[in-house]
Amino acid sequence: MAETRAADLNHRKLWLALGWLLVGTVIYLSLTPRLPPEALRFFSADKLGHLSAYAILMAWFCQLFWHMNERLKLGVAFAAMGIALEFVQGLLGYRYFDYADMLANVLGVVAGWMLIKTRFRYSLSWLDRYISAIGVR
């Protein structure tokens, strides 16, 4: 299968917007005093939730930025975001600072980087082609 680069995506702006929505969601969930009910959470285990959120962010944006330099910057930025949000939580009266959450966030970035080495790297490309085929503009 030929590699589909981010520039080849017909709906790149949509994927970027959804990616930034994911970033905003992670920030909101990290700082909100009240988390959604358990039924609305993707994973009930806290650390798995942290790891998954950052893996999804990293894998999503790696599909939009193909150059290694860009991906390295993304990884550093997401890891820094995960660490910084933990420090902010420590300053809030209703959340708490946790080194294990920090580690889970950083490991999530690494997992997302590794995930993009699999066939998952084509997921936005497949979805983009499907949306184009059904006539969504």
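Our numbering puts the first residue of the sequence shown at 628, with every later residue one more than the last.
Beta carbons: idealized from backbone N, C-alpha and C, even for Gly.
Query	Result
What is the residue span of the alpha helix (DSSP H) that alanine 731 lies within?	726–742
Over what stretch of residues does the alpha helix (DSSP H) that includes tryptophan 693 continue unbroken?	Unbroken run through tryptophan 693: none, as it is neither H nor E.
Would you kindly check if the distance between the Cβ of leucine 712 and the Cβ of alanine 657 is under 8 Å?	Residue 657 is actually serine in this sequence, not alanine. A contact, by the Cβ cut-off of 8 Å.
By Cβ distance below 8 Å, which residues in the same chain neighbour leucine 751 in space, the five residues on each side in sequence not counted?	Leu636, Trp642, Trp687, Gln690 and Leu691
List the endpoints of the continuous alpha helix (DSSP H) containing aspartate 755.	750–760
Taking aspartate 728 as the reference, give the member of Leu645, Leu675 and Ala644 with the closest Cα.	Leu675
In three-state DSSP terms, what is leucine 719?	coil
Would you decide whether valine 653 is buried or exposed? Buried here means 16 or more other CB atoms lie within 10 Å of its CB.	buried
Could you compute how far the alpha carbon of leucine 742 sits from the alpha carbon of tyrosine 655?	25 Å
Out of Ala680, Ala704 and Trp693, point me to the one whose CA is closest to glycine 735's CA.	Ala680
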